[in-house]
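Residue numbers (this note's numbering), protein chains in the order written: chain A, 55 to 337; chain B, 55 to 337.
Even for Gly, the Cβ is constructed at its ideal location relative to N, Cα and C.
Number of protein chains: 2
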Amino acid sequence: MRGAGMDIALSLQQPIADRDSPILTGVPVVRRLGGCDAGEVAYVAPSTGRTVRAVLFDVFGTVVDWRTGIAEAAGAFASSHGLELDPYAFADSWRAQYQPAMRRVRSGERSFVSLDVLHRENLDDALRELGLDLGGFDPKELDALALAWHFLPPWPDSVAGLSAIKRGYIVGPLSNGNTSLLLDMAKAGGLPWDLILGSDVSRAYKPDPEAYLRPTALLGLNPGEVMLAAAHEGDLAAARKTGLATAFIARPLEYGPGAAATVAATGDWDLAGGSIPEIADLL
Amino acid sequence: MRGAGMDIALSLQQPIADRDSPILTGVPVVRRLGGCDAGEVAYVAPSTGRTVRAVLFDVFGTVVDWRTGIAEAAGAFASSHGLELDPYAFADSWRAQYQPAMRRVRSGERSFVSLDVLHRENLDDALRELGLDLGGFDPKELDALALAWHFLPPWPDSVAGLSAIKRGYIVGPLSNGNTSLLLDMAKAGGLPWDLILGSDVSRAYKPDPEAYLRPTALLGLNPGEVMLAAAHEGDLAAARKTGLATAFIARPLEYGPGAAATVAATGDWDLAGGSIPEIADLL
Numbered sequence: 055m056r057g058a059g060m061d062i063a064l065s066l067q068q069p070i071a072d073r074d075s076p077i078l079t080g081v082p083v084v085r086r087l088g089g090c091d092a093g094e095v096a097y098v099a100p101s102t103g104r105t106v107r108a109v110l111f112d113v114f115g116t117v118v119d120w121r122t123g124i125a126e127a128a129g130a131f132a133s134s135h136g137l138e139l140d141p142y143a144f145a146d147s148w149r150a151q152y153q154p155a156m157r158r159v160r161s162g163e164r165s166f167v168s169l170d171v172l173h174r175e176n177l178d179d180a181l182r183e184l185g186l187d188l189g190g191f192d193p194k195e196l197d198a199l200a201l202a203w204h205f206l207p208p209w210p211d212s213v214a215g216l217s218a219i220k221r222g223y224i225v226g227p228l229s230n231g232n233t234s235l236l237l238d239m240a241k242a243g244g245l246p247w248d249l250i251l252g253s254d255v256s257r258a259y260k261p262d263p264e265a266y267l268r269p270t271a272l273l274g275l276n277p278g279e280v281m282l283a284a285a286h287e288g289d290l291a292a293a294r295k296t297g298l299a300t301a302f303i304a305r306p307l308e309y310g311p312g313a314a315a316t317v318a319a320t321g322d323w324d325l326a327g328g329s330i331p332e333i334a335d336l337l
Numbered sequence: 055m056r057g058a059g060m061d062i063a064l065s066l067q068q069p070i071a072d073r074d075s076p077i078l079t080g081v082p083v084v085r086r087l088g089g090c091d092a093g094e095v096a097y098v099a100p101s102t103g104r105t106v107r108a109v110l111f112d113v114f115g116t117v118v119d120w121r122t123g124i125a126e127a128a129g130a131f132a133s134s135h136g137l138e139l140d141p142y143a144f145a146d147s148w149r150a151q152y153q154p155a156m157r158r159v160r161s162g163e164r165s166f167v168s169l170d171v172l173h174r175e176n177l178d179d180a181l182r183e184l185g186l187d188l189g190g191f192d193p194k195e196l197d198a199l200a201l202a203w204h205f206l207p208p209w210p211d212s213v214a215g216l217s218a219i220k221r222g223y224i225v226g227p228l229s230n231g232n233t234s235l236l237l238d239m240a241k242a243g244g245l246p247w248d249l250i251l252g253s254d255v256s257r258a259y260k261p262d263p264e265a266y267l268r269p270t271a272l273l274g275l276n277p278g279e280v281m282l283a284a285a286h287e288g289d290l291a292a293a294r295k296t297g298l299a300t301a302f303i304a305r306p307l308e309y310g311p312g313a314a315a316t317v318a319a320t321g322d323w324d325l326a327g328g329s330i331p332e333i334a335d336l337l
């Protein structure tokens, strides 16, 4: 990131882009960043031709290591109940219910429910798959286990990378997680988001277009001024379709050592790197 | 604020409150705070009998000095157009349109529009009141002036006070401002919110109950676990009616030196102080 601090009084006198009454259309045009170490930023995304103002992040897998976090919680749960299970396999099994559960909401088969509800239901399914009798558990203990999704550990580079990008850009999650899940995760892991708008604000799950467009509208930005950063190319493809800029971040360990993960981008994304700080350096 | 750092692994084993499947009801019960300097907090609000988890702040007048900010922007605008006006009187006149404009939305006379739209319309009204011909101004310059509401200066104690409370509680605005306005203000003024949910998320203006209850639901908290801090007793009264805890913060200079402002609380609020750090000390 380039440049010196941007003076607010100065930028107040900057010309507004060629558009009629942006406030009345709900899309302010002059957006200024401040704070003692604000950088003047001018990264223009090739795909949108617009200066990026906000970098929003996919969270599960891109910012946090869900597999390790869930395996640790599942391991502790298993120990306290004398269960023998492979905690990593259990994490994979629980996670495998994630897309099918959201698909039922996206298809309209069921109305919107928060990811907390889906995670809790999916936990029952994952336990049943092990042949366990759910009646043998106190439901409150299962609720507590499901809350492990609120407290997943960031990848080692995440906090430093987000902090660097935050100096010049708006940073926030763009996740299927609900607001309280993302908030707990941020407080516990020190993720320095400027704001948190969960999927329960847009009431839509990625890759539904509304999941990208509602946060963009609330930021008062045009889609081309918003960049999605994600480890999953399907997510990036959907974001690009709605007009967002894109950054690919490789997370080869998301599904564990040796498991398949997208380590090199196959799509033509605006940026690509192996960590969040690498993306910060490219902006 | 009391106590030492709260261990996440420890708190995972804490009992859940007496309620059935809180995740399935959408209200998680175990909420833990983390981070390197998280404090163990246990402030129980007398009015709700519940431990406060989040302190949400009214913004205009309570966290930022709207009158000085708007007067400065209006003064610069007047100078550049050779207008003679009293910038503080102009700020008061512009602000005087605030409640009537929101009332038309609250009453259903018009559908929800963001505060950016209302501020822009109210600017036209304030200029007309001075007998000025709006046709004499480039609409884009008026748009830029209206954006001054995005960049109001914090009161001198606000950043330190919010930072102190943030160590033990969730902090966020609970304002009639829209999300992008509150975001710009936070970036420019260094307000360390954990999250920002503007009035365009709830699509309701205070004192409508929905304006308090929608953010509370998105936080996954019961109303009694959320405290509103505000300089305006009408706001606090409405928050209390919806079940929130309350803190009064005196801001005697909100309307300028010598003008009427509530300097001593007349209501029986849970907490009362003369600054945000004073509230932090009481929590």
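Cβ separation of residue i and residue j, assumed to be a contact under 8 Å, to the nearest whole Å
| i | j | result |
| --- | --- | --- |
| Thr116 (chain B) | Ala326 (chain B) | Thr116 (chain B) to Ala326 (chain B), Cβ: 13 Å. No contact. |
| Val98 (chain B) | Thr105 (chain B) | 5 Å |
| Leu251 (chain A) | Ser234 (chain B) | With a Cβ gap of about 11 Å, Leu251 (chain A) and Ser234 (chain B) do not count as contacting. |
| Val213 (chain A) | Gly190 (chain A) | The pair is not a contact, with the Cβ atoms about 39 Å apart (cut-off 8 Å). |
| Val255 (chain B) | Val255 (chain A) | 6 Å |
Residue i versus residue j: straight-line alpha-carbon distance, rounded
| i | j | result |
| --- | --- | --- |
| Trp120 (chain B) | Glu264 (chain A) | 34 Å |
| Ser329 (chain A) | Leu282 (chain A) | 14 Å |
| Gly226 (chain A) | Leu337 (chain A) | 16 Å |
| Ala180 (chain A) | Asp197 (chain A) | 14 Å |
| Trp204 (chain A) | Ala318 (chain A) | At residue 204 (chain A) the sequence reads His, which differs from the Trp that was named. Taking the straight line joining both Cα atoms gives about 29 Å. |
| Arg182 (chain B) | Asn232 (chain B) | 25 Å |
| Glu163 (chain B) | Arg157 (chain B) | 8 Å |
| Thr316 (chain A) | Glu126 (chain A) | 24 Å |
| Ala242 (chain A) | Ser134 (chain B) | 49 Å |
| Asp262 (chain A) | Pro269 (chain A) | 13 Å |
| Asn230 (chain B) | Lys260 (chain B) | 6 Å |
| Trp247 (chain B) | Ala299 (chain B) | 19 Å |
| Trp323 (chain A) | Ser101 (chain A) | 8 Å |
| Gly278 (chain B) | Asp192 (chain A) | 26 Å |
| Trp148 (chain B) | Ala128 (chain B) | 10 Å |
| Leu188 (chain B) | Thr320 (chain A) | 54 Å |
| Gly88 (chain A) | Lys295 (chain B) | Bear in mind that the predicted position of Gly88 (chain A) carries a pLDDT of just 42, short of 50, making it unreliable; the figure below should be weighed with that in mind. Computed Cα separation, rounded: 37 Å. |
| Ala292 (chain A) | Tyr266 (chain A) | 9 Å |
| Gly136 (chain A) | Asn276 (chain A) | 53 Å |
| Pro76 (chain A) | Gly274 (chain A) | With a pLDDT of 45 at Pro76 (chain A), under the threshold of 50, the modelled position of that residue is not reliable, and no figure is offered here. |
| Ala314 (chain B) | Leu177 (chain B) | 24 Å |
| Gly312 (chain A) | Leu290 (chain A) | 24 Å |
| Phe302 (chain A) | Thr122 (chain A) | 22 Å |
| Ala304 (chain A) | Ala150 (chain B) | 53 Å |
As assigned by DSSP and simplified to three states, the class of residue i
| i | result |
| --- | --- |
| Thr300 (chain B) | strand |
| Pro227 (chain B) | strand |
| Leu169 (chain B) | helix |
| Ala284 (chain A) | strand |
| Phe191 (chain B) | coil |
| Gly162 (chain B) | coil |
| Ala326 (chain A) | strand |
| Leu267 (chain A) | helix |
| Ala155 (chain A) | helix |
| Trp148 (chain A) | helix |
| Leu307 (chain A) | coil |
| Leu251 (chain A) | coil |
| Asp335 (chain A) | helix |
| Leu245 (chain A) | coil |
| Gly321 (chain A) | coil |
C-beta contact flag for residue i and residue j at 9 Å
| i | j | result |
| --- | --- | --- |
| Leu201 (chain A) | Ser253 (chain A) | no |
| Leu206 (chain A) | Met239 (chain A) | yes |
| Glu195 (chain B) | Phe111 (chain B) | no |
| Val171 (chain A) | Ser165 (chain A) | no |
| Pro208 (chain B) | Val118 (chain B) | yes |
| Ala334 (chain A) | Ile224 (chain A) | no |
| Gly215 (chain A) | Glu332 (chain A) | yes |
| Asp146 (chain B) | Tyr309 (chain B) | yes |
| Ala155 (chain A) | Glu175 (chain A) | yes |
| Leu249 (chain B) | Leu249 (chain A) | yes |
| Ala108 (chain A) | Val280 (chain A) | yes |
Opposing strand residues paired with residue i [DSSP bridges]
| i | result |
| --- | --- |
| Pro356 (chain B) | The structure shown has nothing for residue 356 (chain B), since chain B only spans 55 to 337. |
| Leu139 (chain B) | None; Leu139 (chain B) has no bridge partner. |
| Val113 (chain A) | None, per the DSSP bridge assignment. |
| Ala108 (chain B) | B:Ile224, B:Val280 |
| Val98 (chain B) | B:Thr105 |
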